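A.B. asks: These protein sequence lines map, in sequence, to chains A and B.
Here the first sequence stands for residues 383 to 495, numbered as in my numbering.
Here the second sequence stands for residues 383 to 495, numbered as in my numbering.
Here a beta-carbon is modelled for each residue, glycine too, at the ideal position from N, C-alpha and C.
Just so you know, these numbers come straight off a predicted model, no measurement behind them.
My structure is below; once you've seen it, I'll send some questions.
Protein chains: 2
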Amino acid sequence: MSDAALWTALADPHRRAIVALLLERPRPVGEIVQACGLSQPGTSKHLKVLREAGLVRVRQDAQRRVYALDPTPIAALDAWLAPYRELWNESLDALGRRLDGAPDTPEPPAPKD
Amino acid sequence: MSDAALWTALADPHRRAIVALLLERPRPVGEIVQACGLSQPGTSKHLKVLREAGLVRVRQDAQRRVYALDPTPIAALDAWLAPYRELWNESLDALGRRLDGAPDTPEPPAPKD
DNA sequence: GTCCAATATGCCTCGATGGTTATATGACCG
DNA sequence: CGGTCATATAACCATCGAGGCATATTGGAC
């Protein structure tokens, strides 16, 4: 479940839509298919990507597979953007100085990826 | 600067590396080229994508173009993952919130994409 | 067992994207 | 002006990924 896999998984709009759907509640594949207007195999492939990124878990219920969101990997995203969040929360003049190229911000820890 | 453009821009590891570089300080193209080990035109193309996503700004300094990070678009990312953060924090954080009496975050709207 | 419903996989096509080299633009210097 | 440094763009190629259809798999019902 590399960081790259996470970014790749979330890079696709359909997959983000699926993730948003599962945020509301777990759903079987059929529901997801209908909701995102793709073919069933197409949807299934997206679900595979999400699975491999660790973003969703499957529970088998008779012939149905009920997909549920696993938000844990998204914590990695949060960690990634933490330094940036700090930056944009800074005062506007700090941003201005930065855009002018003044190197006066204390070095934040570089994100690993 | 659609949301999609932002995700697309950050989906590439090289571009994330560039963003991380610019987090430390603004840099001219040459430095970025050397840092990420790509050809100069390749780097330039990535910079273009970042520019169009609004993630970087350019300042011209003689023949050099100094690129600086603009973290504002990343705020959109933060907004996007807010509901998920809440979700994964639930188990760990519920107790903590109770203990330090922090107000419960109001239900955020569902992510639009 | 047979049949059906739900989902996953294989195979194919096509457009997007990342990478390259070669060339154009543009700013400075003599 | 010509030359050169720094960067951008063009042209091109290779690969990748998303999408579709057809088919395999799996579990339940009969």
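Give me the Cα-Cα distance between residue 501 of chain A and residue 418 of chain B, rounded to the nearest whole angstrom.
C.D. replies: Lying outside 383 to 495, the shown extent of chain A, residue 501 of chain A is not represented and no answer is given.
A.B. asks: Tell me the DSSP secondary structure of residue 483 of chain B in three-state form.
C.D. replies: By one-based count along the second sequence, residue 483 of chain B stands at place 101. Confidence is the limiting factor: at residue 483 of chain B the pLDDT is only 47, short of 50, which leaves the residue's position unreliable, though a coordinate-based value still follows. Correct three-state label for residue 483 of chain B: coil.
A.B. asks: Among B:399, B:405, B:430, B:431, which residue has its Cα nearest to the Cα of residue 565 of chain B?
C.D. replies: The requested residue 565 of chain B does not occur in the structure, where chain B is confined to residues 383 to 495.
A.B. asks: The alpha helix (DSSP H) spanning residue 404 of chain A covers which residue range?
C.D. replies: Position 22 of the first sequence, counted from the start, is the residue given in the question as residue 404 of chain A. 395-406 is the extent of the alpha helix (DSSP H) around residue 404 of chain A.
A.B. asks: Report the residue from B:459, B:401, B:388 whose alpha carbon sits nearest the alpha carbon of residue 451 of chain B.
C.D. replies: Taking the first residue of the second sequence as 1, we reach residue 451 of chain B at position 69. Answer by Cα proximity: B:401.
A.B. asks: Spell out the partners DSSP gives residue 438 of chain A in its beta bridges.
C.D. replies: Sequence index remark: in the first sequence, residue 438 of chain A carries index 56 (1-based). Paired residue(s): A:451.
A.B. asks: Could you tell me if residue 467 of chain B is buried or exposed, where buried requires 16 or more neighbouring beta carbons within 10 angstroms of its beta carbon?
C.D. replies: Mapped onto the second sequence, residue 467 of chain B falls at position 85. Buried is the call here.
A.B. asks: Which residues, in chain order, does the segment 388-407 of chain B contribute to contact with chain A at a C-beta distance below 7 Å?
C.D. replies: Within the segment 388-407 of chain B, the residues whose Cβ lies closer than 7 Å to some Cβ of chain A are 389, 390, 392, 393, 395, 398, 402, 405, 406, 407, listed in chain order.
A.B. asks: Strictly under 9 Å for the Cβ-Cβ distance: is residue 579 of chain A near chain B by that measure?
C.D. replies: Past the edges of chain A, shown from 383 to 495, lies residue 579 of chain A, and the structure says nothing about it.
A.B. asks: What's the C-alpha gap between residue 442 of chain A and residue 408 of chain A?
C.D. replies: As a first step, residue 442 of chain A must be located in the first sequence, where it is residue number 60. As a first step, residue 408 of chain A must be located in the first sequence, where it is residue number 26. Approximately 12 Å between the Cα atoms of the pair.
A.B. asks: From this set, A:389, A:393, A:410, which residue's C-alpha is nearest residue 445 of chain A's C-alpha?
C.D. replies: Taking the first sequence and counting its residues from 1, the one referred to as residue 445 of chain A is at position 63. Closest option to residue 445 of chain A, Cα to Cα, is A:410.
A.B. asks: Using only alpha-carbon positions, find the residue among B:471, B:425, B:438, B:395 that is nearest to residue 454 of chain A.
C.D. replies: Position 72 of the first sequence, counted from the first residue, corresponds to residue 454 of chain A. When each option's Cα is compared against that of residue 454 of chain A, the closest is B:471.
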